[in-house]
Amino acid sequence: MQEGYQFQSVELKQTAFRIDGVFLPPPEADNQTVYFVEVQFQKDPLLYHRLFAELFLFLNQNPNTVDWQAVAIYPNPNLEPEQTYLYRTLLASSQVQPIYLSELSSSSVELGIVELIL
Numbered sequence: 005m006q007e008g009y010q011f012q013s014v015e016l017k018q019t020a021f022r023i024d025g026v027f028l029p030p031p032e033a034d035n036q037t038v039y040f041v042e043v044q045f046q047k048d049p050l051l052y053h054r055l056f057a058e059l060f061l062f063l064n065q066n067p068n069t070v071d072w073q074a075v076a077i078y079p080n081p082n083l084e085p086e087q088t089y090l091y092r093t094l095l096a097s098s099q100v101q102p103i104y105l106s107e108l109s110s111s112s113v114e115l116g117i118v119e120l121i122l
C-alpha cells in the first residue's frame with residue numbers, strides 16, 4: 005500500500021435513479037440475461053458514472069439476476085463520454101455495447117429495436 009493513504013469507513017447515501025430501459029426476461033426463459041438500455045442524445049460526460057451506478061444498484065437489489073448486458077445508444081460517436089478510464093474494464097468487455105445510430109443501416113435489426121424503444 006502506498007504511504008499516506010488513510011483508511012476510513014464511508015457512509016453512502018442512496019439517491020433515486022431511473023434507468024432509461026430494462027428488459028427483464030420472463031421467469032421461464034432459458035436466457036435469463038437482463039438488458040439495460042441508456043439512450044443519450046446530448047453530451048453527458050458523466051453518463052457512464054450514472055449508468056454503472058444504476059446498473060449495480062439494480063443488481064444489488066435483484067441478487068438473483070443471472071447475467072446482464074448494457075447498451076448505450078448515441079446518435080453518433082461524438083456524444084460518447086471521453087473520460088472512460090474508470091470503467092475501462094467494463095467498456096472493453098462484451099457486456100457493454102455502444103450503438104451509434106449514424107452507423108446503422110436503415111434495414112438493421114438494431115435500428116428496428118431502437119425505433120421500438122423510442
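The opening residue of the sequence shown carries number 5 in the working numbering; numbering runs sequentially from there. Idealized CB from N, CA, C, for every residue including glycine. Every value quoted in this text rests on a predicted model; they were computed, and no experiment measured them.
Distances from the alpha-carbon of residue 76 to those of 19, 52, 6 and 32 put 52 closest.
Under the three-state reduction of DSSP output, residue 102 falls in the strand class. Here the alpha carbons of residue 29 and residue 79 stand approximately 27 Å from one another.
Residue 65 and residue 82 have their C-alpha atoms roughly 33 Å apart.
A Cβ-Cβ contact shorter than 8 Å links residue 74 with residue 55. Along the length of the stretch 29-67, whole beta strand (DSSP E) runs at least 3 residues long occupy 37-43, reported in chain order.
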